[in-house]
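Beneath this line is the structure, given in structure tokens, with notes to follow.
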Amino acid sequence: MAKYDVDEVKLRQLEEYIDSLEQKEGALIGVLYKAQEIFGYLPKDVQLFIARKLGITAAKVYGVATFYSYFTMEPRGKHVINVCMGTACFVKGADKILEEIKKELDIKEGNMSKDGLFTVDTLRCVGACGLAPVVMVDGKVYGRVKIEDVKGILDEYRE
Amino acid sequence: MIKSIEELKQIRDKYKDVLQNREAEENKIRILVGMATCGIAAGARDTINAIVDEVHKENINNAVVVQTGCMGFCYAEPTVEVRFPGKSPVLYGKVDAERGREIVRRHVKKGEVISEWVLKG
Amino acid sequence: MPLRMELLVCGGTGCQASNSNKVLEVLRQGIKEANLQDEVRVLMTGCFGFCEKGPIVKVMPDNIFYVEVDEESARKIVAEHVIKGRIVEEKIYKEPKTEERLPEQSSIPFYKKQIRIALRNCGKIDPENINEYIAADGYMALARVLTEMTPEEVIDIVKRSGLRGRGGGGFPTGLKWEATRKSKGDVKYVICNADEGDPGAFMDRSILEGDPH
Amino acid sequence: MVNITINDIKLQVPEGTTILQAAKMVNINIPTLCHLDLHDIKMVNRTASCRVCLVEIEGRRNLAPACATECFEGMIIRTNTKRAIRARRTMVELLLSDHPTDCLVCEKNGNCDLQKLAADLGIRKIRFEGEKSTYTKDSSSGALYRNPDKCIMCRRCETMCNEVQTCGIYSAVDRGFETVVSPAFNLPMIDTQCTFCGQCVSVCPTAALTEVSYVSKVWEALHDPDKYVIAQTAPAIRVALGEEFGLEPGTIVTGKMVAALRRLGFKKVFDTDFAADVTIVEEAKEFIDRLNGKGRLPILTSCCPSWVKFIEHQFPELLDIPSTCKSPHMMFGAIAKTYFAEKFNIPPEKIVVVSVMPCIAKKYEIQRKEFEEDGIKNVDYVITTREFAKMIREAGLDFTKLPDEDFDDPLGESTGASVIFGVTGGVIEAALRTAYEWITGETLEKVEFHGVRGLEDGLKEATVKIKDMELKIGVAHGLGNARRLLEDIRDGKRFYHAIEIMACPGGCIDGGGQPYHHGNLDIVRARLNAIYEEDRNKPIRKSHENPAVIAMYKEYMGEIGGEKAHHLLHTHYTPRERI
Amino acid sequence: MAIAGYAIGAQFGYIYVRAEYPLAIHRLRIAINQARDLGLLGKNILGTNFSFDVEIKIGAGAFICGEETALINSIEGGRGEPTVKPPYPAQVGLWKKPTNINNVETFANVPPIILNGADWFSSIGTEKSKGTKVFALAGKVNNVGLVEVPMGITLREIIYDLGGGIKGDKKFKAVQTGGPSGGCIPADHLDTPIDYDTLNALGSMMGSGGMIVMDEDDCMVNIAKFYLEFSCDESCGRCTACRVGNKRMLEILNKITEGKGEMEDLEMLKELAETIKDSSLCGLGQTSPNPVLSTMKFFYDEYLAHVKDKSCPAGVCTELLKYYIIPEKCVGCTACAKVCPVNVIHGEPRKVHVYKRQDV
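Chains as they are written, first to last, in this note's numbering: chain A, 3 to 161; chain B, 857 to 977; chain C, 222 to 434; chain D, 6 to 584; chain E, 81 to 440.
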């Protein structure tokens, strides 16, 4: 049996999920989704495991994982900050909010802060355009965010 | 399991009145119950519940029961007003639960004004 | 005992984001404290569409449309409107130009010119309760189709209605169905495309959230 | 049949005909780039991604790709309208705007489809400027060179690798401008399950995929007075090399090839065919042993290093079925540095063995640790047919005017049986010729086994009657076909006594190191015919009758399948991970 | 969906939902389970011999998957790259079987049509576009939200009557419809009755019904750039036109917004946009130049301002902003110089400061 350099308990959890699937054909995206839920991101060995388990090539898994913006191969911070960059948010200054967050955390888009607490990313429209600009932290939506609100929002998660 | 269109219709009819309150139609009969402090003190809650219940029992689906504030007839609480679309409203005084049911049965359903309870302002 | 009043709280993502969950909780708590839980029900519906003014609470059958409800005003709605029948004026939509308070949804200009077909059940039914959907004639169309119509008749009616795809291209839906019907194959599929990716468009999500059936 | 009009020419075409095919019927050439139709080996690349073949169709809003659009009744097509030409030129310019312009020093200079297209369209200026993609180049395998900067996203390699060869090394990765074809996790190729068959190289229109070149190393060795550089040539070279010098495909240039090698400075010019005959006697012996219950059946030929790597990754549970014989050119290396070295009294460490091969995987094969003797590699360098042709040109030899010369002795002697190693079915046919005679003790009159020949079927089956035995023979070429065959064997669905597998469709004649055929498989067919012609021309057509081989066993190797032979001529296999 | 299944002869359906919509997925799951429990999905629906079931497939963030063939590839578990049409999904679709794809709103329109009849539905809307359309009204408009209006309503009615006009009483500049593939429609066309065909004629499209209102503070070149950035990000990378073409267009737009654009860039931009529209493999690529083409058509003067005058009329493109110090008003407090991140303000305390950039 091949060795995988990842948490074994989590790997078993993933294996159980894959085994529970009735249909393996076409299941790749769902499995990657689950894997990211379990591991927080998609390390190489997890992708390799999925490939072998589903009987598809590692290249295909990698091709798919890199295609969809939802999947990430970088470890994620404890909290994921998503700044909505939909048009409505953009015209209301979401880019400036993003800049502020990046400045405050001293990181780049898509990266994790040094303390491992935050990852900053953008997404295209959470569908709360009425509240633009919108920032989402771990699924919680903050609407009508102003630059001066940024620090306060981050502080909520800093305890 | 629903096995036929008839069963589906039954479920629909069973739950139809759940949605009834949510249809905001202008041409419904409105039964307004005064629910201000004075009304409640005089037992308006029993009245309104009785009216709602009676409307339901009698299968009346062209009427809504709405609570309203003080109508200024504190001496005659609980007060109930019945408004048929396009007609002038009729105001009843001292409507207890039983009178409420009666109003539903006679006025709302049959259109017969119970003149002896009508408040004359 | 039949209910005499219902408070419909918008549960679309927009309103949830502006705390409509909390509003729902406060309303429920208030009703319970007043011991009215048998007469008055609070439920969460799909999106009302008027996200600008969320969270939205609609009181039925009084047909009063409250906007921008926060926890405090939720308490007030219970104390004043639910218990005493007094409308909480300051939370009623105010037309900015005329300064006029418009308590009924249908009189608000935002809704005035709308004809809601696809959104017909949004903000009306509890999206997590299939019975309410059925009560709103849900699945009746399916039932009629299955029992009274041939596939060809269904395609014909869709064709004659002139319905065109709402996803982008605007291809006539009936023709599309007909093409798929005519294609040979023992197995065929129907896909519902809810991959709404446009920045700034969220109607599909609202339909799914508000009327998932 | 449907009626269509192309550029005012009316014609009738069968249903399902693409615009591109229809245009060809009336001699209208529509330029293509990503399109590739290798129908005979079931590889059709229809990604329609390059957008170079766009044409105008009356009634259609936008332009249509001719390669992937089928004709319909009444279709009116115009291939050269202003719109179509503008789009075509713009597409090429866009491709060039994200492509290195180092044509002069590019591996594919003169052989590049994009370069030719730009020339044909007369592009003189690339109007668009901007960011150019830069990726890590990879030569980790020593066999295959990846330069993704030159990738134009035609996806031919993906189609070839995933659908025909079923190795699945490549996938498009990322999206938007960053999209590139890459192996999983962007690993160096050596860490993947790539078999280095080089079929991706064969179909790559640019220099995104090429071989790792050893030309300069070989020159260096040739110019080193301390080295004794000898050459061996695979059977498939002599029927393809001529193409590089303008000769008709299928021209046999054995004599000129030998002359060229000698003029390049090789001390001895030997023939891999000699070693192929050795392979046959060793393999036939092993086969007969297995038929007699010593070992597992079927026996699998092991001449193809790409195929060997394939089974190591994909079917590690079947590693006891391939023959333990080394591939012919590895046997040659081992023989050259022992038997030949002793016989001519040359220190083995001075001998440099250069293999001229139609193959890229051989470049990888010589690096395998098991092919070393006391730290001395069996074979030192592998160059492809293409690299060899480059050396001939560099040396200023007028190839077509060279005289015909003979191979050197003793490792230049060969039979018809070894020549056919170059085509699919050839190894097994050669083995059968020997096995038949050894088993029956009778002379085989009809030496040709037509049941195992041919390009068209990816999987061939034949039953050969030897004495009272009915031997079931399986032949697969192309790794996808090999996979099907092996799955059936693993699952017990089929039984064979012997199997031949070649990684490349058609066998070595269509190897990854052969002159580019640019999608014309008639060229490959011509090579195939030439191989069989060469076989027919040989006075001796059975390996075990090769006098030089007999002499070697007598003088040096001892018994066929004996201890010394086993030590020098056989190998073993290692299970490998799938990635 | 089940109705469509019946009509075309399918027994299985997929609902492809974005992963970003957790609430929708949650509610869909409930709805599907309830319907299954009641026998409204599954085998022998309502006692008939029609069977139909659905499964939810979660997308993973790729705009392109709205395109039918890309969506099919995605459901099959692959990269969401579109493939050449024809064959259309109706002929060769999911798992190579005939497949019908409609979006949510389309399906939502079907039951009322069945119940109320084709005539009822076709009585709403315009000659060629029947029924209603849901628009997501957003941007610089007072009432942001979801509106369902009959086809043929004018943009003015939506923006001013339903939308309550422009925020802060600013001047309306344009409305962008149809998402990143649509175009921008200027004030002159506010009274156009909207349906599929009029929007197409204006170089925009109905799309899925996004409607973003822009006011005088929005720079149309920047808006075009924004949409193009989106298209570049979301391009699947398969075909040359979209993969490289859009990137080159974006680079030209960047040049323009940075004040480095020249007149020939504008010509090249237009030509490139038209060619990409003509040459791309899928709908996304074919429509991605729309924002550029429509803004060039209706707001060419803004492009000219960027290129010729090196100025951004809306004051959005920061590279083109010009700062002045009004000497009469400067008291030399040094506050501006202290905070300037690029040190372009010079001067002594209590003396008039000067603004001086190294590069100008």
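Beta carbons are placed, not taken as given, at the ideal position from N, Cα and C, and that holds for glycine.
Tell me, please, which residues DSSP counts as bridged to residue i.
i                      : result
residue 44 of chain D  : DSSP output for residue 44 of chain D lists no bridge partner at all.
residue 360 of chain D : D/237, D/387
residue 476 of chain D : D/469
residue 304 of chain D : D/503
residue 98 of chain E  : E/139
residue 92 of chain E  : C/410, E/133
residue 326 of chain E : DSSP output for residue 326 of chain E lists no bridge partner at all.
residue 295 of chain E : E/252
residue 234 of chain E : E/273
Where does residue i land, buried or exposed, given buried means 16+ other C-beta within 10 angstroms?
i                      : result
residue 405 of chain C : exposed
residue 420 of chain C : Here the model assigns residue 420 of chain C a pLDDT of 45, short of 50, so the residue's position is not dependable, and the following value carries that caveat. Counting Cβ neighbours within 10 Å, residue 420 of chain C comes out buried, since at least 16 surround it.
residue 206 of chain D : buried
residue 498 of chain D : exposed
residue 327 of chain E : buried
residue 319 of chain D : buried
residue 175 of chain E : exposed
residue 317 of chain C : exposed
residue 373 of chain C : exposed
residue 924 of chain B : buried
residue 160 of chain A : exposed
residue 349 of chain D : exposed
residue 284 of chain E : buried
residue 422 of chain C : Below a pLDDT of 50, predicted positions are generally treated as unreliable, and residue 422 of chain C, at 48, falls in that range; no measurement from the model is reported.
Name the chain A residues whose beta carbon is nearer than 7 Å to that of residue i?
i                      : result
residue 175 of chain D : 61
residue 273 of chain C : 132
residue 155 of chain E : 28
Compare the C-beta of residue i against all C-beta atoms of chain F and say whether one is closer than 8 Å.
i                      : result
residue 287 of chain C : The question asks about chain F, but that chain is absent: this structure's protein chains are A, B, C, D and E.
Find the residues of chain A that neighbour residue i, judging by a C-beta separation of less than 8 Å, and give them in chain order.
i                      : result
residue 138 of chain E : 31, 32, 35
residue 251 of chain C : Under the 8 Å cutoff, chain A gives no residues; its nearest Cβ is about 25 Å from residue 251 of chain C.
Starting from the beta carbon of residue i, find every residue of chain C whose beta carbon is closer than 7 Å, and list them in chain order.
i                      : result
residue 145 of chain A : 238, 239
Would you mind telling me which residues of chain E sit closer than 7 Å to residue i, beta carbon to beta carbon, in chain order?
i                      : result
residue 72 of chain A  : 99, 140, 141
residue 858 of chain B : 118, 119, 120, 126
Along chain B, which residues have their Cβ under 9 Å away from the Cβ of residue i?
i                     : result
residue 85 of chain E : Within chain B, no residue comes near residue 85 of chain E; the closest Cβ sits about 17 Å away, beyond 9 Å.
Query raised in the report: Could you give the uninterrupted runs of the beta strand (DSSP E) lying entirely in the region 885-951 of chain B, keeping only those of 3 residues or more?
Result: 885-890, 919-924, 936-939, 946-948
Query raised in the report: Counting only runs that start and end within the region 124-185 of chain D, where is the beta strand (DSSP E) found for 3 or more residues in a row?
Result: 149-151, 175-178
Query raised in the report: Do three or more CB pairs link the region 231-247 of chain C to the region 305-319 of chain C at distances below 8 Å?
Result: no
Report task. Evaluate the contact criterion for the region 109-129 of chain E versus the region 859-874 of chain B: three or more CB pairs, one atom per stretch, below 8 Å. Result -> yes
Report task. Could you say if the region 399-418 of chain D and the region 550-557 of chain D meet the contact criterion of at least three C-beta pairs nearer than 8 Å? Result -> yes
Report task. May I ask you to verify whether the region 182-195 of chain D touches the region 49-62 of chain A, counting CB pairs closer than 8 Å and requiring at least 3? Result -> yes
Query raised in the report: So does the region 468-475 of chain D actually touch the region 436-445 of chain D, counting three or more Cβ pairs closer than 8 Å?
Result: yes
Requested in this report: Could you tell me whether the region 561-574 of chain D touches the region 305-320 of chain D, where touching means 3 or more Cβ pairs closer than 8 Å?
Outcome: no
Query - Any 3 or more C-beta pairs closer than 8 Å across the region 524-533 of chain D and the region 496-515 of chain D - result: yes
Query - At least 3 beta-carbon pairs within less than 8 Å: the region 92-108 of chain D vs the region 376-395 of chain E - result: no
Report task. Pair every Cβ in the region 8-16 of chain D with every Cβ in the region 74-82 of chain D, then say whether three or more of these pairs are closer than 8 Å. Result -> yes
Query raised in the report: For the 8 Å Cβ check, are there 3 or more pairs between the region 33-43 of chain A and the region 16-25 of chain A?
Result: yes
Query raised in the report: Are three or more beta carbon pairs between the region 950-959 of chain B and the region 891-905 of chain B nearer than 8 Å?
Result: yes
Requested in this report: Ignoring anything shorter than 3 residues or poking outside the region 240-324 of chain C, list the beta strand (DSSP E) runs there in chain order.
Outcome: 261-266, 278-281, 285-287
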